[in-house]
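Residue numbers (our numbering), protein chains in the order written: chain A, 100 to 653; chain B, 1424 to 1793.
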């Protein structure tokens, strides 16, 4: 008995150590390397804060950090200001066409922000459709929304869906009797929202705002495309690292360290605040949407529809332009055709599509296997190492993609790990970056499965490992798979680390879209984007079918 | 000072489903009135119509003489205690209780005084600054009650307030609620599915089933003189036996109820005049009203099993017609009858109830449905 227990003990311990090793090699080691490179003098090879001095010494550099803060804080606030009311309205008021609206919101969230940027350039850029109309009608010389305004527009419309999804979920857990109690005590309308509902969902508001902050702060594609002179720090990192004239690894590493410090501080700050105000809630009777009357009803509908239409507009524009007849992808010549699709499917151009699916699937397999074990170990086999594992696996939440990309190149461009430009490095970066989604939803479902189910299996003659594989894993699967689909959708729309890690043969869809946009080949970009969007939508449908719900948890 | 509630022919519909169809009810000022019934009987629906969370599709609800149908819930001046208490988790006990007063723009000093006073009344003044997460179920219950009555509502409404408490606390809290209600003399409507709780706490009870009021009366009336078989079996235990009535060969006004398949019968003086000779009826007998005889007088029965509960002993018996019956005897010094013992069960004519065989309505004279 004791012997067999010891054997199981080693199985789980071995697994813990193995997984830990994976994260040490593919996450901690590259990050330590970044830290190391940022403090090593390029000339003497000794310790030096030269790079940091360089950064804080010139406004050209530290200005980008200010820009990043400015645009991130504004976009986060605006996202809350849009997402919160829309979530509240759809939970409390009968909205016509709520289902399709919700799907539109989710789709606009799942598409990569830089596609929004490039679509808005087509609408409101220098040569944009709307710009031309404005200039013709008002006889002005509006030059398009580039810079701060453009970035803010794209980020806000792309980020409020996340706030919406989170808050909508929190409102579902708010028991309606709290609303009724407030009402019977004379508190209704906006006053009730401010005094009762807002404080109760504040942890959710903060958590979702944090996620928006991280996404926006780390996003590279949007400011790159629509920012023009307005440089943010991810753009600076990319330029320093990739620059064709004298790239500066050490400086890029120092920038990465600064970014990680910022995101870590924000993360800790949010943890601190929301742990202080967390209430466990579960609703017996959630709020029921009630029909609104008259002007109020009209205004609510106008607001919700306007925002959602603006949010989904980039997708519509992209899909529409993908079917336009064009001149080598550059100029749309009027009329419709499948030219753009023909262009991307001929002469090996289509490899980006297959690469995306291949890398995505490879990453998902790793994510599912590791995700199941990690959530099981951290929930059921609590000890010091699994606690550390729990923390380490959540690191990718606060590491921007470009930083992860750079750290991978530092770590794996030399023997013994010569992986630069290979498919393996792409798959691993996808897996590491997007695993938290799967771990979180696996952990959540495991929390609902009673350990006694496994004990029952053991009492009926299973070994502990058999009980885990035959009983626990099948019970976990719905949660694991719905998380895995989220990991998949976010992996295939990943740009900021792929753009750094890809090689000639490992282009992905997002990289192909990005390069097509940069080259001005909007036809091809639109066709690639449409394929990405359709894939995301199909995956989303699969997600709804698997999870059996109409709600997305992210 | 207290108000009456007059519910006149109200109708509640959800879409095309009619939940309550023309229900009327009058609650006296200061009364502790209970709506009692199985789940889905419409009692909570009716309560929520009174406070204004449910719309009223027909009829009127009046507080004294004022129709409140179109007054929103926050203007009706009613306090409500919710099944899950609905304590605001982000506010301390004192803030929860003060919440309604603040909404009424009561001055700060007055709020403090009122809150202190009411917390003393419900005996949780020492928990004033606690957050709700650190309160026990009974304490949360007291906060919910204090919060509802501190605003001096005209009506207090309680929706199964004790159903989330354990048995012992339930008894303690129902006594507390009753005594607080007595003290402040507020008209109270209480919803429960627990008949024992209803009997213990109420001045009057309305027994509901399927959206219809079955009987309204004082607890004792409802228990001892149920208006129909539903009330008889829902409130306490009842054995329902088949019987028939004989009016021939009886003194004037007196009738004999003869039990099926038996020669045994009892004379009754309180049956309604409409009863015909030979009419089939149902008779309900409370388990504790059976008298176990060994002299052959009564309905023949066999002991199948027994349960000793200290104060009383429960027997499960089979009657001669194959029906099962439950009999409760005060334990006392008596020996427990072994299984298989043949006994006779006698009944006291004044303690049994006789119902129409088909309509299941009472045939006892003078029993009011409301």
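All C-beta atoms in this analysis are idealised placements derived from N, C-alpha and C, irrespective of residue type, glycine included.
For residue i, name the three-state secondary structure that DSSP assigns.
i              : result
residue 635/A  : helix
residue 1553/B : coil
residue 1713/B : coil
residue 1732/B : coil
residue 1575/B : coil
residue 213/A  : helix
residue 1426/B : coil
residue 129/A  : helix
residue 1665/B : strand
residue 1629/B : strand
residue 238/A  : coil
residue 100/A  : Because the pLDDT of residue 100/A is 40, which lies under 50, any placement of that residue in the model is unreliable, and the question is left without a value.
residue 1671/B : coil
residue 327/A  : coil
residue 245/A  : coil
residue 1440/B : strand
residue 385/A  : strand
residue 1767/B : strand
residue 585/A  : helix
residue 1775/B : coil
residue 1537/B : helix
Assign residue i to one of two classes, buried (16 or more other C-beta atoms within 10 Å of its C-beta) or exposed (fewer than that).
i              : result
residue 102/A  : Residue placement at residue 102/A is poorly supported in this model, since its pLDDT is 45, which falls under 50; the coordinates still yield a value, given next. Exposed, because fewer than 16 other Cβ atoms sit within 10 Å of the Cβ of residue 102/A.
residue 261/A  : buried
residue 1719/B : exposed
residue 397/A  : exposed
residue 68/A   : Since the displayed chain A opens at 100 and closes at 653, residue 68/A lies outside it and no answer follows.
residue 1533/B : exposed
residue 1705/B : buried
residue 100/A  : Low local confidence applies: a pLDDT of 40 at residue 100/A is under 50, so the model's placement there is unreliable, with the coordinate-based value given in what follows. The residue in question, residue 100/A, is exposed, as its Cβ has fewer than 16 Cβ neighbours within 10 Å.
residue 144/A  : exposed
residue 453/A  : exposed
residue 175/A  : buried
residue 1526/B : buried
residue 135/A  : exposed
residue 623/A  : buried
residue 1496/B : buried
residue 149/A  : buried
Relative to the alpha-carbon of residue i, which residue among the options has its alpha-carbon at the smallest distance?
i              : options                           : result
residue 575/A  : 545/A, 640/A and 236/A            : 545/A
residue 1587/B : 1616/B, 1523/B and 1573/B         : 1616/B
residue 1655/B : 1639/B, 1668/B, 1670/B and 1669/B : 1639/B
residue 228/A  : 556/A, 416/A, 534/A and 453/A     : 416/A
residue 1647/B : 1791/B, 1442/B and 1527/B         : 1791/B
residue 44/A   : 337/A, 587/A and 293/A            : Here chain A comprises residues numbered 100 to 653, so residue 44/A is not present and cannot be evaluated.
residue 504/A  : 433/A, 333/A and 603/A            : 333/A
residue 1585/B : 1781/B, 1688/B and 1563/B         : 1563/B
residue 1560/B : 1507/B, 1610/B and 1518/B         : 1507/B
residue 427/A  : 341/A, 419/A and 440/A            : 440/A
residue 1650/B : 1778/B, 1771/B, 1743/B and 1457/B : 1778/B
residue 582/A  : 615/A, 568/A and 474/A            : 474/A
residue 1444/B : 1434/B, 1496/B and 1450/B         : 1434/B
residue 1447/B : 1786/B, 1454/B and 1636/B         : 1636/B
residue 372/A  : 309/A, 242/A, 166/A and 499/A     : 309/A
Could you tell me how far apart the beta carbons of residue i and residue j are, in whole angstroms, since I believe they sit closer than 8 Å?
i              : j              : result
residue 274/A  : residue 380/A  : 7 Å
residue 1512/B : residue 378/A  : 4 Å
residue 1370/B : residue 1542/B : What is shown of chain B runs 1424 to 1793, which leaves residue 1370/B out entirely.
residue 654/A  : residue 271/A  : An answer regarding residue 654/A cannot be provided, because it is not within the stretch 100 to 653 covered by chain A.
residue 356/A  : residue 137/A  : 5 Å
Step through the CB atoms of chain D and report whether any lies within less than 8 Å of the CB of residue i.
i             : result
residue 295/A : Given the protein chain composition of this structure (A and B), no chain D is represented.
Does the count of Cβ pairs from the segment 308-322 of chain A and the segment 211-220 of chain A closer than 8 Å reach three?
-> yes
How do the segment 1562-1571 of chain B and the segment 1484-1499 of chain B stand: do at least 3 beta-carbon pairs fall below 8 Å, yes or no?
-> no
Is the segment 1629-1637 of chain B touching the segment 1757-1769 of chain B, taking contact as three or more C-beta pairs under 8 Å?
-> no
On the three-pair Cβ rule with 8 Å, is the segment 492-500 of chain A touching the segment 519-534 of chain A?
-> yes
Inter-stretch contact (C-beta, 8 Å, three-pair minimum) for the segment 119-129 of chain A and the segment 499-517 of chain A | yes
Check whether the segment 241-261 of chain A touches the segment 326-342 of chain A, counting contact only when three or more Cβ pairs, one atom from each stretch, lie closer than 8 Å.
-> yes
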